[in-house]
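K.L.:
Here you go, one structure.
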Amino acid sequence: MKAELLFFWTAVALYGLSTFCYIFGFIANYDKLFRAGLFSALAGFIPHVIAIAMRWAASGAGVTPFISISESLSLGVFMTVLIFLISEFTIKKVLPLGALVMPVAFVLLGWAGTLLKEVAATIAPALQSGWIWVHITGATIGFASVLLAAGMGFLYLFKERNDAGLAAKLPELATIDRLSYRFVAGGFIMYGLMIISGAYWSNTVKGNYWNWDPVEVWSLISWLIYGIYLHLRVTFGWRGTRLAWYSLIAVVVMIVSYWGIPFGVETFHAGFRIQH
Numbered sequence: 001m002k003a004e005l006l007f008f009w010t011a012v013a014l015y016g017l018s019t020f021c022y023i024f025g026f027i028a029n030y031d032k033l034f035r036a037g038l039f040s041a042l043a044g045f046i047p048h049v050i051a052i053a054m055r056w057a058a059s060g061a062g063v064t065p066f067i068s069i070s071e072s073l074s075l076g077v078f079m080t081v082l083i084f085l086i087s088e089f090t091i092k093k094v095l096p097l098g099a100l101v102m103p104v105a106f107v108l109l110g111w112a113g114t115l116l117k118e119v120a121a122t123i124a125p126a127l128q129s130g131w132i133w134v135h136i137t138g139a140t141i142g143f144a145s146v147l148l149a150a151g152m153g154f155l156y157l158f159k160e161r162n163d164a165g166l167a168a169k170l171p172e173l174a175t176i177d178r179l180s181y182r183f184v185a186g187g188f189i190m191y192g193l194m195i196i197s198g199a200y201w202s203n204t205v206k207g208n209y210w211n212w213d214p215v216e217v218w219s220l221i222s223w224l225i226y227g228i229y230l231h232l233r234v235t236f237g238w239r240g241t242r243l244a245w246y247s248l249i250a251v252v253v254m255i256v257s258y259w260g261i262p263f264g265v266e267t268f269h270a271g272f273r274i275q276h
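Right, dumping it as structure tokens:
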């Protein structure tokens with residue numbers, strides 16, 4: 001446990017350094033700090049992966065490393081930083097994207113650290129299903145996608161209000177808008193996978209597809225919010241500023257539905273409790 005904590009808090013510290021670089025890169029209008037922030041995020045990702053692997057190895061057979069809220073937070077941040085790093089190295093001119101992504105990753109992982117407990121020895125046999133992997137994969141990739149979409153929305157608003165300095169080095173507004181749309185579309189698909197797999201899994205465990213669990217309800221609301229985003233864009237032709245603001249507000253709802261509700265309300269998702 002001590003070694004795991006060492007790697008875990010090293011990751012938190014490096015994500016914090018990355019956050020500092022990105023924020024002060026904006027304040028100082030100095031893009032080299034963005035590159036420092038990117039490589040700090042990359043450096044932090046390595047001990048983060050090691051910490052998750054060590055927790056998984058210590059948990060024993062049948063216990064996956066995302067049962068508790070802290071583990072769920074850690075895995076969500078892991079997937080977010082992974083997709084963020086891939087995006088930074090494959091999409092040109094979006095180095096400032098981390099100015100929104102990394103502060104959120106840093107805060108969520110730091111919160112996870114305050115909730116960290118001993119590794120679970122076992123979980124209910126009914127929950128030891130392959131569907132948990134489909135469900136969690138959809139959830140984490142979906143969250144990462146919409147957070148990056150919000151990051152693109154932030155860059156859009158920044159460039160729209162500035163035409164020199166850092167803003168001049170960003171892609172054209174239409175390109176940023178299109179990237180945000182693609183991330184939202186990907187997140188919407190993965191959220192759909194999360195909900196469908198969760199419903200099927202619930203039926204195998206509890207005998208019904210929908211239980212009106214608060215997390216289920218909020219997840220459905222979040223999915224519909226992004227469905228409305230796509231509808232507004234495809235059907236009504238919304239573009240630019242309105243959708244940029246929409247993506248920023250929607251990601252707050254998503255974070256609340258993922259971790260705020262299970263943290264504050266007794267639900268099936270808060271540590272995967274189940275009544276027998």
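Counting in UniProt numbering, the sequence shown tops out at residue 276, every number present. Just so it is clear, CB atoms sit at the ideal spot from N, CA and C, and this is done for glycine as well. All values reported here derive from a predicted model rather than from experimental measurement.
Among the residues of its own chain, which have a CB less than 7 Å from the CB of A167, if the five just before and after it don't count?
P.N.:
Here residue 167 corresponds to residue number 167 of the sequence shown, with the count starting at 1. F158 and K159, listed in sequence order.
K.L.:
Between the alpha carbons of H276 and V205, how many angstroms are there, rounded?
P.N.:
On the sequence shown, position 276 is the one that residue 276 refers to. On the sequence shown, position 205 is the one that residue 205 refers to. Any reading at H276 needs caution, since the residue's pLDDT is 31, under 50, leaving its predicted position unreliable; the model's value is listed next. Using only the alpha carbons, I get a separation of about 10 Å.
K.L.:
Would you call the segment 106-116 and the segment 6-14 in contact, with 3 or more CB pairs under 8 Å?
P.N.:
Flag = yes, the segment 106-116 and the segment 6-14 touch.
K.L.:
Which same chain residues end up closer than 6 Å to F84 when comparing Cβ atoms and leaving out the 5 residues on each side of it in sequence?
P.N.:
Looking up residue 84 in the sequence shown gives position 84. Taken in chain order, the residues that qualify are V101.
K.L.:
Establish whether the CB of Y229 and some CB of chain C are separated by less than 8 Å.
P.N.:
In the structure shown, chain C cannot be found, because there is only a single protein chain.
K.L.:
Going by Cα to Cα distance, which pick from Y156, I195 and L6 is closest to P171?
P.N.:
The residue given as residue 171 occupies position 171 in the sequence shown. Residue Y156 holds the alpha-carbon nearest to the alpha-carbon of P171 among Y156, I195 and L6.
K.L.:
Please name the residue in M254, F34, D177 and S202 whose C-alpha comes closest to that of G187.
P.N.:
In the sequence shown, residue 187 corresponds to position 187, counting from 1. Answer by Cα proximity: M254.
K.L.:
With I176 as the anchor, note down where its alpha helix (DSSP H) starts and where it stops.
P.N.:
Position 176 of the sequence shown, counted from the start, is the residue given in the question as residue 176. For I176, the enclosing alpha helix (DSSP H) covers residues L173 to K206.
K.L.:
Mind pulling the alpha helix (DSSP H) runs of 4 or more residues that sit fully within the segment 74-141?
P.N.:
Correct list: 98-115.
K.L.:
Looking at the secondary structure, which residues open and close the alpha helix (DSSP H) in which W218 lies?
P.N.:
Along the sequence shown, one-based indexing puts residue 218 at 218. It spans P214 to V234 - the alpha helix (DSSP H) in which W218 sits, taken as one unbroken run.
K.L.:
Taking 8 Å as the threshold (C-beta atoms), are A99 and F154 in contact?
P.N.:
Residue mapping note: residue 154 aligns to position 154 of the sequence shown, counting from 1. Residue mapping note: residue 99 aligns to position 99 of the sequence shown, counting from 1. Yes, the pair counts as a contact, with Cβ atoms nearer than the cut-off.
K.L.:
Please report the residue range of the alpha helix (DSSP H) in which Y30 lies.
P.N.:
Working through the sequence shown from its first residue, we reach residue 30 at position 30. Neither: Y30 is in no alpha helix (DSSP H) and is coded neither H nor E.
K.L.:
What residue does the alpha helix (DSSP H) around Y246 start on, and which one ends it?
P.N.:
As a working note, residue 246 is residue 246 in the sequence shown. First-last of the alpha helix (DSSP H) with Y246: T241 to I255.
K.L.:
Using the beta-carbon count (16 or more within 10 Å), is L224 buried or exposed?
P.N.:
As a working mapping, residue 224 is identified with position 224 in the sequence shown. By the 10 Å Cβ count, L224 comes out exposed.
K.L.:
Just to confirm my understanding: we take I249, look at its own chain, exclude 5 residues before and 5 after, and list those with CB closer than 8 Å. What are they?
P.N.:
Against the sequence shown, residue 249 aligns to sequence position 249. Excluding sequence neighbours, I249 sits near nothing in its chain.
K.L.:
Sort R239, S202, I91 and I86 by Cα distance to F45 and report the nearest one.
P.N.:
Here residue 45 refers to the residue found at position 45 of the sequence shown. It is I86.
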